[in-house]
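This report concerns only the one structure given below.
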Amino acid sequence: MKILFLCVANSARSQIAEGLARELFGGEAEIMSAGSRPTTLNPFAVKAMGEVGIDISHHSSKSVDSLPATFLVKLDAVITLCADEVCPVLPMPVKKIHWPFTDPAAVHGADEDVLAAFRLVRDSIRNKLIDFGVTHRLL
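So, in structure tokens, the structure goes:
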């Protein structure tokens, strides 16, 4: 199964989802993430994932346009993770799933408050991925 996680910046939510899905699904799925306006990998995403033993420090923000055509033409599911922003759309026949999560990168304040927002999103995405994995026999 090929799964693409999309959000706007590809800096936090979709990166977290990619890291979690690779860990949870192992070789049962090919996983990628991208954004419509990629920026840079958020260090709080790296830290929150490191807390659960998943290293995404080697990830980079990618544009949807930079993904390999061989991956895109055989996609089984596109999961968008935007809440208040306009999510990217792929104009192709593929199963589209929307999981709206508030962008933790929009949280400002003390580092611990920002990290708490990233942890909440991480754990919520993990729960959705477990349900998805069970439903699609990936777990």
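Note that the sequence shown covers residues 78 to 216 in this note's numbering. In this text, a Cβ means the ideal position worked out from N, Cα and C, and glycines have one as well.
Check	Outcome
Option nearest K79 by Cα separation, candidates V171, H185, E189 and L118	V171
Among K124, L83, S110 and E107, the one whose alpha carbon lies nearest that of R196	K124
Cβ shell of G101 (< 8 Å), same chain only, five flanking positions each side left out	Inspection of the sequence shows that residue 101 is occupied by Leu rather than by Gly. Here the set comprises R203, L206, I207, G210, L215 and L216.
Start-end ranges of the alpha helix (DSSP H) lying completely within the segment 112-180, minimum 4 residues	120-127 and 146-149
Pair within 7 Å by beta-carbon distance, P120 and N87	no
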